[in-house]
Amino acid sequence: MVFNTGAALLDAIVLAICSRESEGTYGYKITQEVRSVIEISESTLYPVLRRLQKEECLEVYDMACAGRNRRYYKVTERGRVQLNLYESEWRRYSAKITGMFEGGLG
Numbered sequence: 393m394v395f396n397t398g399a400a401l402l403d404a405i406v407l408a409i410c411s412r413e414s415e416g417t418y419g420y421k422i423t424q425e426v427r428s429v430i431e432i433s434e435s436t437l438y439p440v441l442r443r444l445q446k447e448e449c450l451e452v453y454d455m456a457c458a459g460r461n462r463r464y465y466k467v468t469e470r471g472r473v474q475l476n477l478y479e480s481e482w483r484r485y486s487a488k489i490t491g492m493f494e495g496g497l498g
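To get our numbering, take the position in the sequence shown, counting from 1, and add 392.
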């Protein structure tokens, strides 16, 4: 992708992915899903997960899987509120950009 991905957009994408499963999802799966829409390395993603946890948008827990612990990330109520804000802002922003591309004023 030729466009830069800002921190807010990355946060929004991660929260959207984590919100799909009521029990949350694990780091590797989050990485794969984020990579399906933007190019990102694990070294970029894990600080995002830690920051969202620190901001109380995600809660973290470990669960045994195939003899190992797998770390899960689950959206909190605060995270859902933030995700709703991101979604409404994204709709407004993307409508303006689309309008510009289509010859309108946005």
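Idealized CB from N, CA, C, for every residue including glycine. In this text, all values refer to a predicted model and were calculated from it rather than measured experimentally.
My output table needs one value for Arg412: the three-state DSSP class, helix, strand or coil. coil
If I measure Cβ to Cβ from Tyr464 and keep anything under 8 angstroms in the same chain, skipping five residues before and after, which residues do I get? Glu415, Gly416, Thr417, Tyr418, Val452, Tyr453, Asp454 and Met455
Please go through the region 439-471 and give each complete beta strand (DSSP E) segment of 3 or more residues, from N-terminal end onward. 450-457 and 460-467
Less than 8 angstroms between the beta carbons of Ile409 and Ile430, yes or no? no
Indicate the three-state DSSP secondary structure (helix, strand or coil) for Thr423 in the structure shown. helix
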